[in-house]
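Report on one structure; see the data block that follows.
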Amino acid sequence: MSSHHLLPYRARDDEESCADQDFHHYGTEDYHDPEKSTSGRRTQILSRVSFLNIGFAVCNLTVFVFLMLAHHVDQCIHPTSAQSPADHIVRYNSTYFDKYGHLGGNPFSQPPGPELDNAWHGLLRGMNIAVEPEWLDQHNATSVRLADGPGLLVQLGVYHELHCLKKLKRWNYRDHYYSNLPEEDLKEEEIHIEHCLEWLRVAALCRSDVTLTTFQWEGVNGSRLATEYPIPRQCVDSERVLEWSEARAVNITQEGILEHA
Ligand SMILES: *[C@@H]1O[C@H](CO)[C@@H](O)[C@H](O)[C@H]1NC(C)=O
Ligand SMILES: *[C@@H]1O[C@H](CO)[C@@H](O)[C@H](O)[C@H]1NC(C)=O
Ligand SMILES: *[C@@H]1O[C@H](CO)[C@@H](O)[C@H](O)[C@H]1NC(C)=O
Ligand SMILES: *[C@@H]1O[C@H](CO)[C@@H](O)[C@H](O)[C@H]1NC(C)=O
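Following this line, the structure appears as structure tokens:
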């Protein structure tokens with residue numbers, strides 16, 4: 003009925019595929035064009051090409067290959083950021099998400115208590131760092147200055163999303179976390195939660211994970227559709243990124259560390 007909607011499987015021969023970095027392929031296609039190289043006249047012309055011209059061609063090819071490489075590096079290795087000092091830390095690895103990760107031993111899936119609070123504290127401990135102004139100048143951006151030098155206070159994008167998730171978790175248990183909060187502050191927190199919900203929606207669309215999710219029937223007599231996640235995702239090795247940030251963390255609660263307006 004809807005077979006025209008079926009997407010044909012095409013192995014990694016798509017030239018737009020970032021995984022297929024077969025640069026040799028781009029270069030050889032033109033060099034060994036069978037129609038051109040079997041032409042006797044062309045062979046004659048080629049034999050008269052001077053060494054200078056060959057040198058020029060090699061030079062052009064080098065520039066071409068370099069540009070192809072730069073293009074691929076730009077698209078494949080740094081797909082989501084416009085020049086961050088942490089760009090070089092980003093590595094991808096193949097990861098399965100755990101459908102039932104919220105059950106069992108995950109400290110983040112615990113109800114309020116020291117285990118949960120410590121887990122969040124640990125995850126966010128590298129939240130704030132300082133960078134040289136040059137990293138922001140290119141975007142005409144600036145930030146709060148550190149008192150002891152030219153450094154400007156920043157944080158990697160991933161931390162804002164994690165911070166928002168922590169907020170949502172606390173909101174889910176607001177009787178525990180905000181039981182003494184005045185009505186007015188609770189209202190303000192609710193607005194913050196709306197900000198976080200919207201931020202995470204936009205962040206998900208920004209990443210637009212295209213990994214395929216599958217389905218199976220579940221429940222009594224198989225009456226309910228359930229999603230399954232048997233296909234791995236390409237994920238940034240977040241441990242590397244967080245460790246990089248932790249090694250540069252600025253403790254903004256420390257007295258006198260920030261230059262005030
Ligand atoms: C930054 O500001 C300069 C001077 O006003 C302007 O020429 C440049 O286009 C701006 N760059 C960006 C990325 O906004
Ligand atoms: C499941 O199937 C059995 C056997 O056909 C039937 O007796 C039962 O009522 C069904 N249960 C539900 C919830 O539909
Ligand atoms: C992939 O990255 C995750 C998150 O940083 C890490 O826990 C895991 O060990 C990495 N796996 C491999 C094979 O490097
Ligand atoms: C940050 O500074 C505050 C105030 O000096 C201190 O209480 C806290 O332990 C520091 N945190 C870390 C992780 O060093």
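Using our numbering, you'd call the opening residue of the sequence shown number 3 and step up by one each time.
Built from N, CA and C at the ideal position, the CB exists for glycine as well.
Quiz item: Nearest CA to the CA of ALA149: which residue from LEU9, GLN256, ARG12?
Solution: Translated into the one-based positions of the sequence shown, residue 149 becomes position 147. With distances taken between Cα atoms, ALA149 lies closest to GLN256.
Quiz item: If we cut at 8 Å on Cβ distances, does GLN218 have a partner in chain B?
Solution: This model lacks chain B altogether; it includes just one protein chain.
Practice problem: Go through its chain and collect everything with a Cβ distance to ALA121's Cβ below 6 Å, but skip five positions before and after it. | Solution: One-based indexing of the sequence shown puts residue 121 at position 119. Answer for ALA121: PRO109, PHE110, listed in chain order.
Quiz prompt | Identity of the residue in ASP89, ARG235, HIS162 nearest LEU202 by Cα | solution = The count along the sequence shown starts at 1 and reaches residue 202 at position 200. Of the candidates ASP89, ARG235, HIS162, the one whose C-alpha sits nearest the C-alpha of LEU202 is HIS162.
Quiz item: Going along the chain, which residues of its own chain have a beta-carbon closer than 8 Å to the beta-carbon of LEU105, five neighbours each way excluded?
Solution: Locating residue 105 in the sequence shown gives position 103, where the first residue counts as 1. Cβ neighbours of LEU105 beyond the five flanking positions: SER111.
Quiz item: What did DSSP end up calling ARG226 once you bin it into helix, strand or coil?
Solution: Numbered from its first residue, the sequence shown carries residue 226 at position 224. Reduced to three states, the DSSP call for ARG226 is strand.
Quiz item: Using the beta-carbon count (16 or more within 10 Å), is ALA228 buried or exposed?
Solution: The residue labelled residue 228 in the question sits at position 226 within the sequence shown. ALA228 is exposed by the Cβ-count criterion.
Quiz item: Bridge partners of ILE259, per DSSP?
Solution: As a first step, residue 259 is located in the sequence shown; it is residue number 257 there, counting from the start. None, per the DSSP bridge assignment.
Quiz item: When the Cβ atoms of the stretch 128-143 are set against those of the stretch 243-253, are three or more pairs found closer than 8 Å?
Solution: yes
Exercise. Would you identify the three-state DSSP class for ALA88, choosing helix, strand or coil?
Key: One-based indexing of the sequence shown puts residue 88 at position 86. Coil.
Quiz prompt | Unbroken alpha helix (DSSP H) run spanning VAL243, endpoints | solution = For the purposes of this step, residue 243 is identified with residue 241 of the sequence shown, where counting begins at 1. Run containing VAL243: 240-248, per the alpha helix (DSSP H) assignment.
Self-check item: Proximal residues to VAL243 (C-beta, below 8 Å), its chain only, five neighbours per side dropped
Solution: For this step, residue 243 is matched to residue 241 along the sequence shown. Same-chain partners within the cutoff: ALA88, ILE91, VAL92, LEU158, VAL160.
Quiz item: Can you tell me whether DSSP reads ALA206 as helix, strand or coil?
Solution: Counting from 1 along the sequence shown, the entry for residue 206 is found at position 204. The answer is helix: DSSP assigns ALA206 an H, G or I state.
Exercise. Please report how far the alpha carbon of HIS178 lies from the alpha carbon of LEU167, in whole angstroms.
Key: As a position in the sequence shown, residue 178 is number 176, starting the count at 1. As a position in the sequence shown, residue 167 is number 165, starting the count at 1. Their Cα atoms are separated by approximately 17 Å.
Quiz item: Terminal residues of the continuous beta strand (DSSP E) containing TYR94?
Solution: Reading the sequence shown from its first residue, position 92 is the one you call residue 94. Per DSSP, TYR94 belongs to the beta strand (DSSP E) from 94-97.
Quiz prompt | Cβ-Cβ separation, THR97 to ARG235 (assumed contact under 8 Å), whole Å | solution = As a working mapping, residue 235 is identified with position 233 in the sequence shown. As a working mapping, residue 97 is identified with position 95 in the sequence shown. Contact holds; Cβ gap of about 6 Å.
Self-check item: Any non-hydrogen atom of ligand 3 within 7 Å of CYS237 CB
Solution: Your numbering for residue 237 matches position 235 in the sequence shown. It does: the Cβ of CYS237 is within 7 Å (strictly closer) of some heavy atom of ligand 3.
Self-check item: Delimiting residues of the beta strand (DSSP E) encompassing LEU265
Solution: Because the chain is modelled from 3 through 263, residue 265 falls outside the range shown and cannot be assessed.
Exercise. Give the straight-line distance between the Cα atoms of ILE195 and ARG12, rounded to the nearest whole angstrom.
Key: Translated into the one-based positions of the sequence shown, residue 195 becomes position 193. Translated into the one-based positions of the sequence shown, residue 12 becomes position 10. Whole-angstrom Cα-Cα distance: 42 Å.
Quiz item: Quick one: Cα of LYS171 to Cα of PRO135, how far?
Solution: Stepping through the sequence shown from its first residue, residue 171 is reached at position 169. Stepping through the sequence shown from its first residue, residue 135 is reached at position 133. Answer to the nearest angstrom: the Cα atoms are 34 Å apart.
Practice problem: Examine ligand 3 and report whether any of its heavy atoms sits within less than 7 Å of the Cβ of ASN108. | Solution: Reading the sequence shown from its first residue, position 106 is the one you call residue 108. Checking the Cβ of ASN108 against ligand 3 gives no.
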